[in-house]
Amino acid sequence: MNGKDEGAFRTIGEVAESLDLPPHVLRFWETRFSEIEPVKRAGGRRYYRPRDVELVAAIRHLLYGRGYTIKGVQRLLREQGVRAVIDNVRSGALEPRAGDLGEDAEPSLFSHAAPASEPQPERPAASALVAMSAREPTTLDLPAVRLVESSAGALGPQETRRLREALEDISECRRMLLLTMR
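Numbering (full-length UniProt numbering), first residue to last: 1 to 182.
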């Protein structure tokens, strides 16, 4: 990567480029995964150690390649630890459990997947966001996000919890978008 020694620290741009991710995704992941701990110099410049680069690559693979949710990866890191997750991703030993996959994923979607011996293509990282970032800057008029309680009670407690979690994620994304527009 960029002709640097394997043990050299990397800037956020170098890591983002090598993993085909926009830098803002890495910054967002730092807010979601406390295990990602780049060294921050004066002025806020981030330098990723080799362990951080390995962890980010493992997280990217789990989220984009294996279909895990952020909460599923957080649970894996909490239960197994960073080193075990990195090693398991390298060996291909991690299989998603119920609740670790995206909410819209159904088991039938994965039953027709290619056999494990065939390489699985990884989705391009945030291609829509990359395409949007190439456009001219625009102003965002983002409405506030809030939960409106309904007396209908059509949703059960689990669905309500999942919707609340999604709303929290959307609110955080809105906050981060507004910060980047300043």
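Just so you know, even glycine gets a beta-carbon here, dropped at the ideal spot from N, CA and C.
Counting along the chain, no beta strand (DSSP E) covers Arg41, and no H or E run does either. The C-beta distance from Gly7 to Pro50 rounds to 6 angstroms, short enough to meet the 8 angstroms contact threshold. Burial is judged here by how many other beta carbons sit within 10 angstroms of a residue's own beta carbon; Leu177 has fewer than 16 and is exposed. Within its own chain, the residues whose Cβ lies closer than 8 angstroms to the Cβ of Val82, once the five positions on either side in sequence are excluded, are Glu35, Arg51, Leu55, listed in chain order. Residue Val89 holds the alpha-carbon nearest to the alpha-carbon of Ala58 among Arg66, Val25, Val89, Arg32. Per DSSP, the beta bridge partners of Thr11 are Tyr47. In terms of CA proximity to Arg175, Phe28 leads the group Phe28, Phe9, Tyr64.
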